[in-house]
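Novice: So for the sequence shown, the working numbering puts the first residue at 10; every next one is plus one.
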Amino acid sequence: MPDANALRAAVRDVPDFPKPGIIFKDITPILADGELFQTSIRLLAETARDASIDKVVGIDARGFIFAAAVADRLKAGFIPIRKKGKLPWKTREASYTLEYGESTVEIHRDAVHPGEKILLIDDLLATGGTAAAAVRLLDTLQAEIVSVSFLIELTFLNGRAKIGPHPTTSVLTY
Ligand code: AMP
């Protein structure tokens, strides 16, 4: 059965995408391979340890791919955190700074109930701005965040420092 090393070998580095100086970690070769995709879901699901997770929260958009499959595996619900303007019902929002400008993410106000056990998933942790905003939303809704889990972490950007006291785990580190 493939392991984390097989996942690492499948991640494709794309230099200068989406702009000069960025090395984009392309995870589509993992998604395209049935065994590797299953391995990525298994390893992400294991980051929830033995906690019985009520809901898996995914971050727009690649986070959805992993979070929805992990939710199915854990028999948990799935909750999307989306870029501003996409969710139809009443939302809470959190903004964060990007290299140029600002971005805002939203969650439905009734998506998580106080005390529910949450596994938060995104494909990649870079500077941590996106994940920190997602964590703020979940904190506002009084969720119990069991783990903030990523397939890939770019450790040299120290994004986990922004996530605060919540347990943070990644399957692959660079
Ligand atoms: P950040 O807020 O800086 O942690 O950025 C995280 C978000 O941007 C994630 O949702 C990633 O999908 C995306 N991202 C940032 N840097 C990269 C990269 N080098 N390769 C692929 N995706 C990236």
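Ideal Cβ placement from N, Cα and C applies to all residues, glycine included. Fair warning: this is a prediction, and the values are worked out from it, not measured in the lab.
#1: Do you know how far the Cα of E153 is from the Cα of G124?
#2: Within the same chain, show all residues whose beta-carbon is closer than 6 Å to that of E44, passing over the 5 residues directly before and after it, in chain order.
#3: By how many angstroms is the C-alpha of Y109 removed from the C-alpha of S179?
#4: Does the segment 27 to 37 come close enough to the segment 54 to 64 to have 3 or more Cβ pairs within less than 8 Å?
#5: State the CB to CB distance for the pair F159 and L128, rounded to an integer number of angstroms; the pair is presumed to be in contact (CB under 8 Å).
#6: Can you pull the DSSP bridge partners for K34?
#7: With a threshold of 7 Å, establish whether the CB of I90 neighbours any heavy atom of the ligand AMP.
#8: Can you check whether the CB of T48 is closer than 8 Å to the CB of L5?
#9: Starting from F165, trace the beta strand (DSSP E) both ways and give me its first and last residue.
#10: How would you write the range of the beta strand (DSSP E) that T182 sits in, first residue to last?
#11: Does DSSP classify E108 as helix, strand or coil?
#12: Check for me: the alpha helix (DSSP H) holding L83 runs from which residue to which?
#13: Quick one, are the C-beta atoms of I116 and F75 less than 8 Å apart?
#14: Between which residues of its own chain and G173 is the CB-CB distance below 8 Å, once the five residues before and five after are set aside?
#15: Suppose you measure from the CA of V155 to the CA of I62; what does that come to, to the nearest Å?
#16: Give the range of the beta strand (DSSP E) segment to which D131 is assigned.
#17: In the DSSP assignment, find the unbroken alpha helix (DSSP H) run with G43 in it and report its ends.
#18: On a Cα-Cα basis, can you pick out the residue from T136, Y105, A120 and V66 that is closest to K98?
Specialist: Reading it off the structure:
#1: 5 Å
#2: P11
#3: 26 Å
#4: no
#5: Not confirmed; about 11 Å, so no contact.
#6: D22
#7: no
#8: A query on residue 5 cannot be resolved here, the shown segment of the chain reaching from 10 to 183 and no further.
#9: Looking at the DSSP string, F165 is not in any beta strand (DSSP E), and its letter there is neither H nor E.
#10: T177 to T182
#11: coil
#12: R71 to L83
#13: no
#14: A141 and V144
#15: 8 Å
#16: K126 to L134
#17: G43 to E55
#18: The question names Lys, but residue 98 in the sequence shown is Trp. Answer by Cα proximity: A120.
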